[in-house]
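Q:
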Amino acid sequence: MCWQECFVNQHRKCGHFILLYYSGVTTDCQQPTCGLSAAHMHKTAKNCGCTKVWQDQMKRVNLIQEACDPCKEAAMDALVRSGR
2 MCWQECFVNQ HRKCGHFILL YYSGVTTDCQ QPTCGLSAAH MHKTAKNCGC TKVWQDQMKR
62 VNLIQEACDP CKEAAMDALV RSGR
C-alpha cells in the first residue's frame, strides 16, 4: 500500500490523532497488487480489484497532554446525562 505523508496532533490522554494537513509527499510501495503504485500489474484494466487506498504516514507535530475535543464533549455529555 502506498503512503501519503500527513501531519497530526496526538492527544495523550485519549490517544487520538487529529489530522492537521497532508503535505503532498507520497511514497510508492512498488507492489504489483497496489492500484496506486507505478508497479501496478493491471495498468490497462478498467476495473481491477487491487487496493487503491493511501495509507497515512503520520508525522506528529504536537503532543497534547489533554483529551481531544470530541472526547471532552463525550465526557461532558455523559456527565449531563447521568445527572451529576
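So the mapping is simple: the working numbering equals the position in the sequence shown, first residue as 1, plus 1. Where a beta carbon is used, it is the ideal one built from N, C-alpha and C, also for glycine.
If M2 and C49 are in contact, beta carbons under 8 Å, what's the gap, nearest whole angstrom?
A: By 1-based counting over the sequence shown, the position of residue 2 is 1. By 1-based counting over the sequence shown, the position of residue 49 is 48. At roughly 15 Å, the Cβ-Cβ gap does not stay under 8 Å, so M2 and C49 are not in contact.
Q: Evaluate L37 with the Cβ neighbour count: other Cβ atoms within 10 Å of its Cβ, from every protein chain shown; 16 or more gives buried, anything less gives exposed.
A: As a working mapping, residue 37 is identified with position 36 in the sequence shown. Under this definition L37 is a buried residue.
Q: Relative to the C-alpha of A39, which residue among N63, V81, W4, M77 is closest?
A: Within the sequence shown, the letter at position 38 stands for residue 39. Residue W4 is the option with its Cα nearest to A39.
Q: Let's test the definition: count the other Cβ atoms within 10 Å of the Cβ of H12 and tell me whether it reaches 16, buried, or not, exposed.
A: In the sequence shown, counting from the first residue as 1, residue 12 sits at position 11. Result: buried.
Q: Once the 5 residues before and after Q66 are set aside, which same chain residues still bring their CB inside 7 Å of it?
A: One-based indexing of the sequence shown puts residue 66 at position 65. Hits under 7 Å: R13, K14.
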